[in-house]
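Mapping of the sequence shown onto numbering that gives the first Met the number 0: position 111 corresponds to residue 110, and the numbering continues sequentially without gaps.
Ideal Cβ placement from N, Cα and C applies to all residues, glycine included.
Quick caveat, the model's predicted, so the values are computed rather than measured.
Presented below is the structure to which this report refers.
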Amino acid sequence: MDKDHLRLYRLFPALAGLPQELAAELASRLQWVSVPAGALMFDAGTPCAGLPLVLEGSIRVSKRSDSGREIGLYRVIPGEICLISLSCLLGGDDYAATGIAAEPVRLAALPRALFLRLVEGHAPFRETVFHLYAERLAGLMQLVEEVAFRHLDERLAAWLAERAPHIHLSHQAIAQELGSVREIVSRLLKQFEEHGWVRLHRGHVEVLDPVGLLAAYAPPAG
Numbered sequence: 000m001d002k003d004h005l006r007l008y009r010l011f012p013a014l015a016g017l018p019q020e021l022a023a024e025l026a027s028r029l030q031w032v033s034v035p036a037g038a039l040m041f042d043a044g045t046p047c048a049g050l051p052l053v054l055e056g057s058i059r060v061s062k063r064s065d066s067g068r069e070i071g072l073y074r075v076i077p078g079e080i081c082l083i084s085l086s087c088l089l090g091g092d093d094y095a096a097t098g099i100a101a102e103p104v105r106l107a108a109l110p111r112a113l114f115l116r117l118v119e120g121h122a123p124f125r126e127t128v129f130h131l132y133a134e135r136l137a138g139l140m141q142l143v144e145e146v147a148f149r150h151l152d153e154r155l156a157a158w159l160a161e162r163a164p165h166i167h168l169s170h171q172a173i174a175q176e177l178g179s180v181r182e183i184v185s186r187l188l189k190q191f192e193e194h195g196w197v198r199l200h201r202g203h204v205e206v207l208d209p210v211g212l213l214a215a216y217a218p219p220a221g
């Protein structure tokens, strides 16, 4: 057994115990894919052909409005399931968001017909898929709550503190992660720098005092 199959079964153990017929079909129909960082994995409005099972790297999934504004929804890392892909496969719909390789990605693409067979005929795989689906959906609902009910300065402070101390992203990329625009994010980052919480570099934000940053922008108690 090669290293790709070994990694696949380690990350998605429900696939290791398939009945012989399904195991043989899986071995013959899986598509192994390697893509460079920045490659378009899928796009809104296009058909979904299969489920990406990430072995290495990560996929950034985002949603873009008609005006061009973009918000990062989540990242798919090894061992996780892409919620958008799963929804498309189950419903037979087109993608509702865009996926970009955040770094070089190695994955196994599970064709839709085989995915549906596994969901229907192999309980461990079905349980794993829907458990991961529920986890991802809960995270997405938390994002909706933050965007709807928290001010951008609070969200940015929490986002920076969580990723401290070094964040190698441009102001534009940070704005996209938060569903905002570069000008507003740059202004807030400058304010944070004036307070001594962060230090700004070209394409890099250094978080000097994550505790102070969180304390200053923590939502009021009660």
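{"Item": "Residue closest to Ile58, alpha-carbon to alpha-carbon, out of Val104, His167 and Arg186", "Value": "Val104"}
{"Item": "Pick from Gly98, Ala95, Asp1 and Leu106 that is closest to Pro51, judged by C-alpha positions", "Value": "Leu106"}
{"Item": "Residue burial classification, Gln30 (beta-carbon count within 10 angstroms, cutoff 16)", "Value": "exposed"}
{"Item": "Reference Val75, options Gly98, Leu21 and Cys87, closest by Cα", "Value": "Gly98"}
{"Item": "Rounded Cβ spacing between Leu213 and Val206 (contact assumed at less than 8 Å)", "Value": "At roughly 10 Å, the Cβ-Cβ gap does not stay under 8 Å, so Leu213 and Val206 are not in contact."}
{"Item": "Nearest to Arg16 (by Cα), restricted to the options Leu117, Leu136 and Glu79", "Value": "In the sequence on display, residue 16 carries Gly and not Arg. Checking every option, the nearest Cα to that of Gly16 belongs to Leu117."}
{"Item": "Segments assigned alpha helix (DSSP H), at least 4 residues, entirely inside the region 62 to 117", "Value": "82 to 90"}
{"Item": "Beta-carbon spacing of Gly56, Ala100 below 8 Å", "Value": "yes"}
{"Item": "Cβ separation of Leu54 and Asp3, assumed to be a contact under 8 Å, to the nearest whole Å", "Value": "7 Å"}
{"Item": "Val143, buried or exposed, once every other Cβ within 10 Å from all chains shown has been counted against 16", "Value": "exposed"}
{"Item": "Buried versus exposed call for His121 [16 or more other C-beta atoms within 10 Å across all chains shown]", "Value": "buried"}
{"Item": "Trp31 in three-state terms, based on DSSP", "Value": "strand"}
{"Item": "As assigned by DSSP and simplified to three states, the class of Pro123", "Value": "helix"}
{"Item": "Same chain only: Cβ atoms within 7 Å of Leu131, ignoring 5 sequence neighbours per side", "Value": "Glu79 and Ile80"}
{"Item": "Through-space distance from Glu119 to Leu5, alpha-carbon basis", "Value": "24 Å"}
{"Item": "Inter-residue Cα distance where the pair is Arg186 and Val210", "Value": "21 Å"}
{"Item": "Unbroken alpha helix (DSSP H) run spanning Phe191, endpoints", "Value": "Arg181 to Glu193"}
{"Item": "Residue of Glu24, Leu89 and Ala215 minimising C-alpha distance to Gln190", "Value": "Ala215"}
{"Item": "First and last residue of the uninterrupted alpha helix (DSSP H) at Arg6", "Value": "Lys2 to Leu10"}
{"Item": "Bridge-paired residues (DSSP) for Gly49", "Value": "Pro110"}
{"Item": "For Arg198, the first and last residue of its enclosing beta strand (DSSP E)", "Value": "Val197 to His200"}
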